[in-house]
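Heads up: the sequence shown begins at 16 in this note's numbering, then just goes up one per residue.
Each residue gets a CB set at the ideal place from its N, CA and C atoms; glycine is no exception.
Computed from a predicted model, the values in this text were never measured in an experiment.
Notes follow once the structure below has been shown.
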Amino acid sequence: MRKISTPSETPPSRKRFVDSEVVERSWQRSRNYGICQRDNLLFEAPVVASSSQIAESNRLLLSCATPEMEQLHAALSPKDWVLACLDLEGVVISSLGRRNTENRELNQVFRVGAQISEQNVGTTAPSCVLTECDSVFFVGEEHYLEEARQFSCLATPIFGLNGSIVGVLDASSKQGAPSIYTLESLVFAARAIENRLFAQLGEVLLVHVHHRLDILGTPMEGLLAFDPAGKLRCANRIAGQLLKLGDIQIGLDFSELFDMPFIHAACYRRHDLSAPLRLRSHHSGELHACITMTPGQKPARREPAKLLPAIVAEQPPAPQSRPCLEDPALQDALGRARKAFAHDIPVLVNGETGTGKEVFARLLHEGSKRAGEAFVAINCSSIPASLIESELFGHVEGAFTGSRKGGASGKIEEAHKGTLFLDEIGDMPLELQGRLLRVLQERSLTRLGSSQVIKVDCALICATHRDLKQLTDNGGFREDLYYRINGLRVALPALRERSDLQALIGHLLRAETSTHRSVQLNSQALQALLAYRWPGNIRQLYQTLRLAAALAENEGEIGLQHLPDEVLETCAVQTEVELGTPQPQERTTLHATELRAIKAAVEANGGNLSAAARSLGIGRATLYRKLKGMEDS
Numbered sequence: 016m017r018k019i020s021t022p023s024e025t026p027p028s029r030k031r032f033v034d035s036e037v038v039e040r041s042w043q044r045s046r047n048y049g050i051c052q053r054d055n056l057l058f059e060a061p062v063v064a065s066s067s068q069i070a071e072s073n074r075l076l077l078s079c080a081t082p083e084m085e086q087l088h089a090a091l092s093p094k095d096w097v098l099a100c101l102d103l104e105g106v107v108i109s110s111l112g113r114r115n116t117e118n119r120e121l122n123q124v125f126r127v128g129a130q131i132s133e134q135n136v137g138t139t140a141p142s143c144v145l146t147e148c149d150s151v152f153f154v155g156e157e158h159y160l161e162e163a164r165q166f167s168c169l170a171t172p173i174f175g176l177n178g179s180i181v182g183v184l185d186a187s188s189k190q191g192a193p194s195i196y197t198l199e200s201l202v203f204a205a206r207a208i209e210n211r212l213f214a215q216l217g218e219v220l221l222v223h224v225h226h227r228l229d230i231l232g233t234p235m236e237g238l239l240a241f242d243p244a245g246k247l248r249c250a251n252r253i254a255g256q257l258l259k260l261g262d263i264q265i266g267l268d269f270s271e272l273f274d275m276p277f278i279h280a281a282c283y284r285r286h287d288l289s290a291p292l293r294l295r296s297h298h299s300g301e302l303h304a305c306i307t308m309t310p311g312q313k314p315a316r317r318e319p320a321k322l323l324p325a326i327v328a329e330q331p332p333a334p335q336s337r338p339c340l341e342d343p344a345l346q347d348a349l350g351r352a353r354k355a356f357a358h359d360i361p362v363l364v365n366g367e368t369g370t371g372k373e374v375f376a377r378l379l380h381e382g383s384k385r386a387g388e389a390f391v392a393i394n395c396s397s398i399p400a401s402l403i404e405s406e407l408f409g410h411v412e413g414a415f416t417g418s419r420k421g422g423a424s425g426k427i428e429e430a431h432k433g434t435l436f437l438d439e440i441g442d443m444p445l446e447l448q449g450r451l452l453r454v455l456q457e458r459s460l461t462r463l464g465s466s467q468v469i470k471v472d473c474a475l476i477c478a479t480h481r482d483l484k485q486l487t488d489n490g491g492f493r494e495d496l497y498y499r500i501n502g503l504r505v506a507l508p509a510l511r512e513r514s515d516l517q518a519l520i521g522h523l524l525r526a527e528t529s530t531h532r533s534v535q536l537n538s539q540a541l542q543a544l545l546a547y548r549w550p551g552n553i554r555q556l557y558q559t560l561r562l563a564a565a566l567a568e569n570e571g572e573i574g575l576q577h578l579p580d581e582v583l584e585t586c587a588v589q590t591e592v593e594l595g596t597p598q599p600q601e602r603t604t605l606h607a608t609e610l611r612a613i614k615a616a617v618e619a620n621g622g623n624l625s626a627a628a629r630s631l632g633i634g635r636a637t638l639y640r641k642l643k644g645m646e647d648s
């Protein structure tokens, strides 16, 4: 039996984003479970489920969480953070972290199948979220177990379509206290996972709402789903808050919530968010709204124009959807690929994660004779091996446990007459590569559980960050499939190698701020962005600009204080190297501006260094180092 902790074991004082009572309650629960602070439990948490069991019981959550986790991990400093998704029982269902020395212990803690609950390991961020149902983060001694105090962990709940918690998203590191950037990025990712759940509803009309137009299309928008009869199927928590309804009652009629007949709303439907309008709520006044429909919904019959309500539709300038392609190497790659693709020659796109392989593929599709047909993308690395076969080839009803009633078409079938884009094809399981090869050669397939042959005609684009030739030589990829998909190989340059980086930064920033007040980069922030090496490439750059624009919204200008730690630290190191033996007249404008920003933040926060670091968006250790550098100089 575990030793009962003594009452003297009390949590440290806490005054940050989470009230200290949260820590105290979690510590008390840990004591009640009979856990002692000196127990060695964290790295030995029980494994209660196999990977196949987890894939089957968490199919939907995994499919929605995996792409958001990958994007978040690339946007953070990948070598420092381990991301994990846990289910309601505290079982790790997915984990993402570099296999390096710094992350070895965290990778052991968050191994798939391990149960990280308060009953097993005491106070941690993910275990506490399961009880508190709110975002928390713990640093050092705020963890209950002594062996956990070398880590920082932050976690946020994931809410399901019925408004109740369905899982937890966690980020853990050994690098000290997380920045505001990391915390907000984690919450954004959780909301994005929740919104992805709506795409699984089948035939529904989605109403996107918010008081601010620029929030539409982001993870922070309100979402409501209505069935073809205009009855509410579900709504996310943000929609409930915006409409001031508290718990939204399923089955409410559209007209009970909004001052518009449902048939008129159906007439405004779109496949994207290109037509915002003003929608009056019975409970909270006018909201900005977009009305879209899920891919499986049949279009509603359009009513004559005279029946449409008098609604003032807002048409702000559309974001610049065309990518920035001023780099000569990129232009050359696109030109050659377009010529090959026009003759139905498969294109294989190589490039690091985040270099825009899917954007490149979409450009090929949109510039081809198949532009009016479907573009179907599937990430072979983000779907569990147990699911990828049904995702690609479809299934009939009863083909496996959890199969959809009436069966479902696969991605290849959906791409008929259009384009199939297989991203990260190097991660496709070997046992499926042979079946894919047969489909490509015979241009036909059979769904899982069926013997019926279905003809398909689709163009093929594949992408990977791996060296497929080397993978083939090592037996990790079928040689015959490699030569079937490698009609033309193009390599996309990493962001640090592109000659149009400054133009791309301006392009992405204009696209992000096109629907609301524009925000400019000051010269110091621009130089910091140009100096950074961008390991997450365009995806990381976009996430950085998006958050910086949000933080600088009321200031009109993005400065150093709005950029994440890793960008500023790289900039500081480069400045120190360039300066050598520092002399006042040789200091760069960037370095001087950074020091002024630090002094202003410290003064504005009354000398409180922790508060100053948070306001600057950097870690406390980074601030101490910079202040020491100021004193030495």
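Practice task
Can you say whether Gly232 is buried or exposed, counting buried as having 16 or more other CB atoms within 10 angstroms of its CB?
Solution key: In the sequence shown, counting from the first residue as 1, residue 232 sits at position 217. With 16 or more neighbouring CB atoms inside 10 Å of its own CB, Gly232 falls in the buried class.
Exercise for the section: State yes or no: is the beta carbon of Ile440 nearer than 8 Å to at least one beta carbon in chain C? Expected result: Structure shown: chain C not included; a single protein chain is present.
Exercise for the section: Compute the distance between the beta-carbons of Leu649 and Phe375, then report whether it is under 8 Å. Expected result: Examination of residue 649 is not possible in this model, given that the chain is present from 16 through 648 alone.
Problem - First through last residue of the alpha helix (DSSP H) which encompasses Asp347 - result: Sequence index remark: in the sequence shown, residue 347 carries index 332 (1-based). Looking at the DSSP string, the run of the alpha helix (DSSP H) that includes Asp347 is Pro343 to Phe356.
Exercise for the section: Would you be able to state if there are at least three C-beta pairs under 8 Å between the region 369-387 and the region 346-356? Expected result: The region 346-356 vs the region 369-387: in contact.
Problem - Phe390 (DSSP reduced to helix, strand or coil) - result: Position 375 of the sequence shown, counting from 1, holds the residue named residue 390. DSSP places Phe390 in strand when its eight states are reduced to three.
Exercise for the section: Could you name the residues of the same chain whose beta carbon sits closer than 8 Å to that of Glu318, not counting the 5 residues immediately before and after it, in chain order? Expected result: Position 303 of the sequence shown holds residue 318. Interpretation of Glu318 is limited by its pLDDT of 35, a score under 50 that renders its predicted location unreliable; the figure taken from the coordinates is listed afterwards. Here the set comprises Ile278, His279 and Cys282.
Practice task
Can you grab the Cα-Cα spacing for the pair Arg40 / Leu220, in whole Å?
Solution key: One-based indexing of the sequence shown puts residue 40 at position 25. One-based indexing of the sequence shown puts residue 220 at position 205. Going from the Cα of Arg40 to the Cα of Leu220 covers about 42 Å.
Handout entry: For Asn365, the residue or residues it bridges with in DSSP
Key = Against the sequence shown, residue 365 aligns to sequence position 350. Assignment of beta-bridge partners to Asn365 by DSSP yields Thr479 and Ala506.
Exercise for the section: Look at the Cβ atom of Val97, then the Cβ atom of Phe125, and state whether they are nearer than 8 Å. Expected result: Mapped onto the sequence shown, residue 97 falls at position 82. Mapped onto the sequence shown, residue 125 falls at position 110. Yes, the Cβ-Cβ distance between Val97 and Phe125 is below 8 Å.
Practice task
Could you tell me the boundaries of the beta strand (DSSP E) in which Ala304 lies?
Solution key: By one-based count along the sequence shown, residue 304 stands at place 289. Gly300 to Met308 is the span of the beta strand (DSSP E), which, as asked, contains Ala304.
Practice task
Would you kindly check if the distance between the Cβ of Val136 and the Cβ of Leu56 is under 8 Å?
Solution key: In the sequence shown, residue 56 corresponds to position 41, counting from 1. In the sequence shown, residue 136 corresponds to position 121, counting from 1. Yes, the Cβ-Cβ distance between Leu56 and Val136 is below 8 Å.
Problem - Limits of the unbroken beta strand (DSSP E) element including His225 - result: Here the question's residue 225 lines up with position 210 in the sequence shown. Counting along the chain, the beta strand (DSSP E) containing His225 begins and ends at Leu220 to His225.
Practice task
Would you kindly check if the distance between the Cβ of Leu145 and the Cβ of Ile183 is under 8 Å?
Solution key: For the purposes of this step, residue 183 is taken as the residue at position 168 of the sequence shown. For the purposes of this step, residue 145 is taken as the residue at position 130 of the sequence shown. The amino acid at residue 183 is misidentified as Ile; the sequence shows Val. It is a contact, given that the beta carbons lie within the stated cut-off.
Problem - Straight-line Cα distance separating Pro234 from Ile208 - result: The count along the sequence shown starts at 1 and reaches residue 208 at position 193. The count along the sequence shown starts at 1 and reaches residue 234 at position 219. Between the C-alpha atoms of Ile208 and Pro234 there is a straight-line separation of about 8 Å.
Exercise for the section: Assign Val62 to buried or exposed, taking buried as 16 or more other Cβ atoms, counted over all protein chains shown, within 10 Å of its Cβ. Expected result: Here residue 62 is taken as the residue at index 47 of the sequence shown, counted from 1. By the neighbour-count rule (16 or more Cβ atoms within 10 Å), Val62 is not buried but exposed.
Handout entry: Span of the alpha helix (DSSP H), counted from its first residue to its last, around Phe269
Key = As a working mapping, residue 269 is identified with position 254 in the sequence shown. Phe269 -> alpha helix (DSSP H) spans Phe269 to Leu272.
Problem - Endpoints, the alpha helix (DSSP H) within which Ala181 is located - result: In the sequence shown, the residue the question calls residue 181 occupies position 166. It should be noted that the sequence gives Val, not Ala, for residue 181. Run containing Val181: none in the alpha helix (DSSP H); it sits in the beta strand (DSSP E), Ile180 to Ser188.
Problem - Sequence ranges, alpha helix (DSSP H) only - wholly within the region 50-131, length at least 4 - result: If we require 4 residues or more, the alpha helix (DSSP H) runs fully inside the region 50-131 come out as 66-72, 74-90 and 119-124.
Exercise for the section: Using a threshold of 8 Å, state whether the C-beta atoms of His510 and Asn552 are closer than that. Expected result: Mapped onto the sequence shown, residue 510 falls at position 495. Mapped onto the sequence shown, residue 552 falls at position 537. Checking the displayed sequence, the identity of residue 510 turns out to be Leu instead of His. Cβ distance < 8 Å, so Leu510 and Asn552 count as in contact.
Handout entry: Beta-bridge partners of Ala474, as assigned by DSSP
Key = Walking along the sequence shown from the start, residue 474 turns up at place 459. Its beta-bridge partners are Thr434.
Practice task
For the region 530-549 and the region 235-243, state whether three or more C-beta atom pairs, one from each stretch, are separated by less than 8 Å.
Solution key: Cβ pair count under 8 Å is below three, so no.
Handout entry: Buried or exposed by the 16-neighbour rule on C-beta atoms within 10 Å, applied to Pro343
Key = The residue given as residue 343 occupies position 328 in the sequence shown. Pro343 counts as exposed, since fewer than 16 other beta carbons sit within 10 angstroms of its beta carbon.
Handout entry: Three-state class that DSSP yields for Gln535 in the structure shown
Key = Position 520 of the sequence shown, counted from the first residue, corresponds to residue 535. Strand.
Exercise for the section: For Glu83, I'd like the list of residues in its chain whose CB is within less than 6 Å of its CB, leaving aside the five on either flank, ordered along the chain. Expected result: Position 68 of the sequence shown, counted from the start, is the residue given in the question as residue 83. For Glu83, where only same-chain residues beyond five positions count, the Cβ hits under 6 Å are Ala204, Ala207 and Ile208.
Exercise for the section: Determine the contact status of Phe390 and Phe436, defining contact as a CB-CB distance below 8 Å. Expected result: Along the sequence shown, read from residue 1 onward, the residue named residue 390 stands at position 375. Along the sequence shown, read from residue 1 onward, the residue named residue 436 stands at position 421. Against a cut-off of 8 Å, the Cβ pair of Phe436 and Phe390 comes out as a contact.
Problem - Boundaries of the beta strand (DSSP E) in which Gly173 is found, first to last residue - result: Mapped onto the sequence shown, residue 173 falls at position 158. Note that residue 173 is Ile in the sequence shown here, rather than Gly. Ile173 -> beta strand (DSSP E) spans Ser167 to Phe174.
Exercise for the section: To the nearest angstrom, report how far apart Arg513 and Ile50 are at their CA atoms. Expected result: As a position in the sequence shown, residue 513 is number 498, starting the count at 1. As a position in the sequence shown, residue 50 is number 35, starting the count at 1. A direct Cα-to-Cα measurement between Arg513 and Ile50 gives close to 54 Å.
Practice task
Please classify Ile265: does DSSP put it in a helix, a strand, or coil?
Solution key: What you label residue 265 is simply residue 250 of the sequence shown in a count that begins at 1. It is coil, neither helix nor strand.
Problem - Limits of the alpha helix (DSSP H) - the one that Arg453 falls within - result: The residue given as residue 453 occupies position 438 in the sequence shown. Where Arg453 is concerned, the enclosing alpha helix (DSSP H) stretches over Leu445 to Glu457.
Practice task
Using 7 Å as the cut-off, classify the Cβ of Arg44 as near or not near the heavy atoms of the ligand FMN, replying yes or no.
Solution key: Of ligands this structure carries none, so the ligand FMN is not represented either.
Practice task
Please name the residue, chosen from Thr139, Leu75, Gln555 and Ala170, that lies closest to Glu161 on a Cα-to-Cα basis.
Solution key: Position 146 of the sequence shown, counted from the first residue, corresponds to residue 161. Nearest option by C-alpha distance: Thr139.
Practice task
Quickly, what does DSSP pair Gly237 with across the bridge? List them, please.
Solution key: Here residue 237 is taken as the residue at index 222 of the sequence shown, counted from 1. For Gly237, which the question treats as bridged, DSSP gives the partners Val224.
Handout entry: Cys249 (DSSP reduced to helix, strand or coil)
Key = For the purposes of this step, residue 249 is taken as residue 234 along the sequence shown, with counting starting at 1. Judged by DSSP in its simplified three-state form, Cys249 adopts strand.
Exercise for the section: Please look up how many angstroms separate the CB atoms of Ser187 and Leu121, rounded, as I've assumed it's under 8 Å. Expected result: On the sequence shown, position 172 is the one that residue 187 refers to. On the sequence shown, position 106 is the one that residue 121 refers to. At roughly 5 Å, the Cβ-Cβ gap stays under 8 Å, so Ser187 and Leu121 are in contact.
Problem - Extent of the continuous beta strand (DSSP E) run through Leu294 - result: Numbered from its first residue, the sequence shown carries residue 294 at position 279. Counting along the chain, the unbroken beta strand (DSSP E) around Leu294 starts and ends at Leu292 to Ser296.
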